[in-house]
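Visitor: Numbering (our numbering), first residue to last: 1456 to 1746.
The beta carbon of each residue, even a glycine, is placed where N, CA and C say it ideally should be.
Only a predicted model underlies this, so the values are computations on that prediction, with no experimental measurement involved.
This is the structure, below, for whatever I ask next.
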């Protein structure tokens, strides 16, 4: 959810400024992705709903049901919906949040201790992309995430349950400075669109047919969510809110985990911004080529 899109490591950082050569290299990497998925994105947009009146504490399960799915799949849809509601309830509760990091670019990470002594982390950022572009990257084309986020070894969609719910398996990459070690995640992810905002929620699930992979510790995400909202004065920008709620499992001191998770959020956002910048540069170059 989400989620499960984090880099479980400490110590790696990337510069905020990139040379044009670096952008050219990154842009070449996304050319194939943009062309390959252009038609698929147009089809997905047709299915995205614009329901009104969603409130996490008042909406009933039947209000958020996607197009009809098989009875044995409704269980996963309901799990995804419930994960989103719980995550939104955490975000709506304004008490107890403390600032962890404030970056020079305006990104802010706050934390809150939940019952059971687990910390959750909330990232607030403004990204140079529309909500549709971010929905495309973070849900429609989630399997491509490893191509622009080196923190991820692979991310596979195991099941498509209607246009709004998927089951994914994700494995973190082995990277230098990783104090936590490689983890894998089995998650249900659910998307919902309300007017001009997009909600991506998720939580860990269990499948007997897909046990933890050799060499990995099976960590658990959720309930977690991402909220993407347009910036009023510029529709080309989006306000990005990410609730990270993770149990990394294993025998690790809380101090290490609580340092690694907010760093993972910052690293993920850096990778995402770099990819978005390369995509914009590509569009400019293509536009000039058509003239």
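In angstroms with no decimal places, state the Cα-to-Cα distance between residue 1504 and residue 1645.
Guide: Along the chain shown, read from residue 1 onward, the residue named residue 1504 stands at position 49. Along the chain shown, read from residue 1 onward, the residue named residue 1645 stands at position 190. At residue 1504 the pLDDT is 34, less than 50, meaning the model places this residue with poor confidence; the figure from the coordinates comes in the next sentence. Computed Cα separation, rounded: 13 Å.
Visitor: Any contact between the region 1609-1625 and the region 1576-1591? By contact I mean 3 or more CB pairs, one from each, below 8 Å.
Guide: The region 1609-1625 is not in contact with the region 1576-1591.
Visitor: Taking the alpha-carbon of residue 1650 as reference, which of 1587, 1705, 1537 has the nearest alpha-carbon?
Guide: Against the chain shown, residue 1650 aligns to sequence position 195. Of the candidates 1587, 1705, 1537, the one whose C-alpha sits nearest the C-alpha of residue 1650 is 1587.
Visitor: If you measure between the beta carbons of residue 1637 and residue 1670, is that distance less than 8 Å?
Guide: Numbered from its first residue, the chain shown carries residue 1637 at position 182. Numbered from its first residue, the chain shown carries residue 1670 at position 215. Closer than 8 Å, so yes.
Visitor: Taking the continuous beta strand (DSSP E) assigned at residue 1657, which residues delimit it?
Guide: Residue mapping note: residue 1657 aligns to position 202 of the chain shown, counting from 1. Run containing residue 1657: 1652-1659, per the beta strand (DSSP E) assignment.
Visitor: Tell me the rounded alpha-carbon separation between residue 1726 and residue 1604.
Guide: Position 271 of the chain shown holds residue 1726. Position 149 of the chain shown holds residue 1604. Straight-line Cα distance between these residues: approximately 6 Å.
Visitor: State the Cα-Cα distance for the pair residue 1733 and residue 1584, rounded to the nearest angstrom.
Guide: For this step, residue 1733 is matched to residue 278 along the chain shown. For this step, residue 1584 is matched to residue 129 along the chain shown. Each residue's alpha carbon lies about 12 Å from the other.
Visitor: On the CB-based measure, 16 or more other CB atoms within 10 Å of its CB, does residue 1728 come out buried or exposed?
Guide: The residue given as residue 1728 occupies position 273 in the chain shown. Buried: at least 16 other Cβ atoms inside 10 Å.
Visitor: On a Cα-Cα basis, can you pick out the residue from 1546, 1532, 1536, 1730 that is closest to residue 1699?
Guide: Locating residue 1699 in the chain shown gives position 244, where the first residue counts as 1. Selected option, being the one with the closest Cα: 1546.
Visitor: Is the separation between the beta-carbon of residue 1626 and that of residue 1608 shorter than 8 Å?
Guide: Within the chain shown, the letter at position 171 stands for residue 1626. Within the chain shown, the letter at position 153 stands for residue 1608. Yes, they are a contact pair.
Visitor: Assuming residue 1538 and residue 1695 make a contact with CB atoms under 8 Å, what is their CB distance in whole Å?
Guide: Locating residue 1538 in the chain shown gives position 83, where the first residue counts as 1. Locating residue 1695 in the chain shown gives position 240, where the first residue counts as 1. Contact doesn't hold; Cβ gap of about 19 Å is too wide.
Visitor: Helix, strand or coil for residue 1723? Go by DSSP, reduced to three states.
Guide: Here the question's residue 1723 lines up with position 268 in the chain shown. Looking at residue 1723 - three-state DSSP - the assignment turns out to be helix.
Visitor: From the DSSP output, in three-state form, read off residue 1569 for me.
Guide: To locate residue 1569, count along the chain shown from 1; it is residue 114. Here residue 1569 sits in coil by DSSP.
Visitor: Could you please give me the residues that DSSP links to residue 1672 through a beta bridge?
Guide: For the purposes of this step, residue 1672 is taken as residue 217 along the chain shown, with counting starting at 1. Looking at the DSSP assignment, residue 1672 forms a beta bridge with 1638.
Visitor: How about the region 1547-1556 and the region 1682-1694: do they share at least three Cβ pairs that are nearer than 8 Å?
Guide: Not touching, per the Cβ criterion.
Visitor: Sort 1535, 1553, 1567, 1647 by Cα distance to residue 1622 and report the nearest one.
Guide: Counted from its first residue, the chain shown places residue 1622 at position 167. The residue with the shortest Cα to Cα distance from residue 1622 is 1535.
Visitor: Is DSSP giving residue 1596 helix, strand or coil here?
Guide: As a working mapping, residue 1596 is identified with position 141 in the chain shown. DSSP places residue 1596 in coil when its eight states are reduced to three.
Visitor: In angstroms with no decimal places, state the Cα-to-Cα distance between residue 1684 and residue 1653.
Guide: Along the chain shown, one-based indexing puts residue 1684 at 229. Along the chain shown, one-based indexing puts residue 1653 at 198. Approximately 7 Å between the Cα atoms of the pair.
Visitor: Does the distance from the CB of residue 1672 to the CB of residue 1709 come in under 8 Å?
Guide: Here residue 1672 is taken as the residue at index 217 of the chain shown, counted from 1. Here residue 1709 is taken as the residue at index 254 of the chain shown, counted from 1. Result no, Cβ atoms of residue 1672 and residue 1709 do not sit closer than 8 Å.
Visitor: Within the same chain, show all residues whose beta-carbon is closer than 7 Å to that of residue 1668, passing over the 5 residues directly before and after it, in chain order.
Guide: As a working mapping, residue 1668 is identified with position 213 in the chain shown. Excluding residues within five positions, the ones whose Cβ falls inside 7 Å are 1626, 1639.
Visitor: Just reading off the beta strand (DSSP E) that residue 1608 is part of, what are its end residues?
Guide: Here the question's residue 1608 lines up with position 153 in the chain shown. Taken as a continuous stretch (DSSP letters only), the beta strand (DSSP E) holding residue 1608 covers 1607-1616.
Visitor: Use the C-beta contact count for residue 1554: other C-beta atoms within 10 angstroms, 16 or more gives buried, fewer gives exposed.
Guide: Looking up residue 1554 in the chain shown gives position 99. Looking at its Cβ environment, which holds fewer than 16 other Cβ atoms inside 10 Å, residue 1554 is exposed.
Visitor: Excluding the five sequence neighbours on either side, which residues of its own chain have a C-beta within less than 7 Å of the C-beta of residue 1598, listed in chain order?
Guide: Here residue 1598 refers to the residue found at position 143 of the chain shown. Excluding residues within five positions, the ones whose Cβ falls inside 7 Å are 1610, 1611, 1612.
Visitor: Taking only beta-carbon atoms, is residue 1563 less than 8 Å away from chain C?
Guide: Among the chains of the structure shown, chain C does not appear; only one protein chain is present.
Visitor: What's the call for residue 1723, buried or exposed, on a 16-neighbour Cβ count within 10 Å?
Guide: As a working mapping, residue 1723 is identified with position 268 in the chain shown. Looking at its Cβ environment, which holds 16 or more other Cβ atoms inside 10 Å, residue 1723 is buried.
Visitor: May I have the straight-line CA-CA distance separating residue 1702 from residue 1530, to the nearest angstrom?
Guide: Numbered from 1 along the chain shown, position 247 holds the residue referred to as residue 1702. Numbered from 1 along the chain shown, position 75 holds the residue referred to as residue 1530. Distance between the alpha carbons of residue 1702 and residue 1530: 23 Å.
Visitor: Hey, out of 1624, 1570, 1572, 1532, whose CA is closest to residue 1666's CA?
Guide: Counting from one through the chain shown, the residue named residue 1666 turns up at place 211. The residue with the shortest Cα to Cα distance from residue 1666 is 1624.
Visitor: If we ignore side chains and look at the alpha-carbon of each, how far apart do residue 1559 and residue 1628 end up?
Guide: Start at 1 with the first residue of the chain shown, and residue 1559 comes out as number 104. Start at 1 with the first residue of the chain shown, and residue 1628 comes out as number 173. Roughly 28 Å between the two C-alpha positions.
Visitor: Distance check for residue 1533 and residue 1660, CA to CA, integer angstroms please.
Guide: Looking up residue 1660 in the chain shown gives position 205. Looking up residue 1533 in the chain shown gives position 78. For residue 1660 and residue 1533, the distance between alpha carbons rounds to 12 Å.
Visitor: Can you find the residues in the same chain that come closer than 6 Å, C-beta to C-beta, to residue 1600, ignoring five residues on each side of it along the sequence?
Guide: Against the chain shown, residue 1600 aligns to sequence position 145. Closer than 6 Å at the Cβ level, and outside the excluded window around residue 1600, lie 1607, 1610.
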